[in-house]
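*Asks:*
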Amino acid sequence: MNEDLLKAQIDLKNKQGDLDRANADLAQAKQLEAAAQAAEDQFRGQVDQLTDASFQGARFNQLSALLTSNSAQDFLDRSAALNILASDNYDVMSKLAAAVAQAADARKRAEDAQRRAQQATDAAAQLTQAIAAHKQDLQNQITQLRAAMNRLTAAQKSSLMGSAACGAANLGTGAVATALEAALSKCGAPYVWGGSGPNSFDCSGLTMWAFGKAGISLPHSAAAQYNYGTSVSRSDLQPGDLVFFGSSASSIHHVGISLGGNKMVDASTEGVPVGIHSLYSDYYGAKRLAG
52 MNEDLLKAQI DLKNKQGDLD RANADLAQAK QLEAAAQAAE DQFRGQVDQL
102 TDASFQGARF NQLSALLTSN SAQDFLDRSA ALNILASDNY DVMSKLAAAV
152 AQAADARKRA EDAQRRAQQA TDAAAQLTQA IAAHKQDLQN QITQLRAAMN
202 RLTAAQKSSL MGSAACGAAN LGTGAVATAL EAALSKCGAP YVWGGSGPNS
252 FDCSGLTMWA FGKAGISLPH SAAAQYNYGT SVSRSDLQPG DLVFFGSSAS
302 SIHHVGISLG GNKMVDASTE GVPVGIHSLY SDYYGAKRLA G
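All residue numbers for the sequence shown refer to my numbering, where the first residue is 52 and numbers rise by one.
Set out below in structure tokens:
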């Protein structure tokens with residue numbers, strides 16, 4: 052349930068990012084549309100002026116120039132003037148057509164951005180509701196679990212705790228060793244869902260915090276962390292490798308940091324502090340991060 056909640060929160064951040072980008076695209080598209088519309092109005096006005104001038108006789112064709120010319124030179128002069136006028140007409144009409152096309156494209160982009168913004172807003176609203184429901188369900192389960200644990204004997208509670216005194220371990224070298232050392236330094240810290248340190252953790256909160264101390268950034272989700280690093284086989288596990296648990300990549304629900312062999316340091320579950328535990332039976336895979 053905690054992992055589902057964390058994935059939903061990451062998804063919500065992505066949706067909010069989609070909304071921000073869509074709103075920025077919408078604002079830009081509206082500015083482009085306004086500029087294109089202004090250009091369209093300007094060139095349309097020039098076209099109207101040219102049209103009015105033609106109706107009033109200011110524009111004349113090659114035949115009229117020939118019939119009214121007093122000499123060959125006069126005809127050439129009038130023809131040159133006609134070419135200039137024709138060029139003016141073509142230039143203004145081309146600019147008008149371009150402005151109309153730009154305005155239409157900007158309007159289409161604005162409509163698309165508006166649609167994406169609305170979709171992102173709706174998706175974010177649904178995720179917000181889902182997260183609130185997840186939180187309530189999780190809190191209800193925690194309340195029931197704590198009540199059940201209070202009924203256990205001291206021996207039964209102790210059997211659940213694992214080793215909170217981590218002791219020495221083969222750390223290796225480099226950034227991964229720094230992360231492993233950081234995780235081991237938190238042995239005994241309480242498990243708290245959503246916890247990301249420095250005093251309490253959930254499983255991916257511990258790995259995110261520990262590797263963050265080594266300058267390696269990870270998301271706060273076991274399933275999302277599985278997308279990082281290089282896959283390694285179980286037989287090749289080394290101290291500092293991330294180990295994941297679940298039946299498939301989409302159902303990963305837990306992550307710890309390998310100590311090599313069958314041991315790991317992790318933030319296990321409610322009521323169990325950070326400590327050294329054996330790899331769980333639903334081991335799925337491992338990833339090795341650079342460093």
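Beta carbons are placed, not taken as given, at the ideal position from N, Cα and C, and that holds for glycine.
Small disclaimer: the values here were computed from a predicted structure and weren't measured.
Do the CB positions of Val325 and Gly256 come within less than 8 Å of each other?
*Replies:* No, the pair does not count as a contact, with Cβ atoms beyond the cut-off.
*Asks:* Just to confirm my understanding: we take Ala80, look at its own chain, exclude 5 residues before and 5 after, and list those with CB closer than 6 Å. What are they?
*Replies:* If we look at Ala80 and ignore the five residues flanking it on each side, its Cβ neighbours are Ala157, Arg160, Ala161 and Ala164.
*Asks:* Would you tell me roughly how many angstroms separate the C-alpha atoms of His328 and Ala73, rounded to the nearest one?
*Replies:* C-alpha separation (whole angstroms): 46 Å.
*Asks:* Run through the DSSP bridge pairs and tell me what Lys338 is partnered with.
*Replies:* Bridge partners of Lys338: Ser282 and Leu293.
*Asks:* DSSP three-state call for Leu222: helix, strand or coil?
*Replies:* Here Leu222 sits in coil by DSSP.
*Asks:* Compare the Cα-Cα distances from Gly322 to each of Phe262, Gln195 and Ser332 and report the closest residue.
*Replies:* Measuring from the Cα of Gly322, the nearest candidate turns out to be Gln195.
*Asks:* Skipping 5 residues on each side, what residues in its chain have a beta carbon closer than 7 Å to that of Leu57?
*Replies:* Cβ neighbours of Leu57 beyond the five flanking positions: Ser255, His271 and Ser272.
*Asks:* Less than 8 Å between the beta carbons of Arg285 and Ala234, yes or no?
*Replies:* Against a cut-off of 8 Å, the Cβ pair of Ala234 and Arg285 comes out as no contact.
*Asks:* Thr258 to Gln177, Cα distance in whole Å?
*Replies:* Cα-Cα distance, rounded: 29 Å.
*Asks:* For Ser81, which of helix, strand or coil comes out of DSSP?
*Replies:* Just to set this straight, residue 81 is Lys in the shown sequence, not Ser. If DSSP states are grouped into helix, strand and coil, Lys81 belongs with the helices.
*Asks:* Can you tell me the Cα-Cα spacing of Phe367 and Ala78, whole angstroms?
*Replies:* Here the chain covers residues 52 to 342 and nothing more, so residue 367 does not appear.
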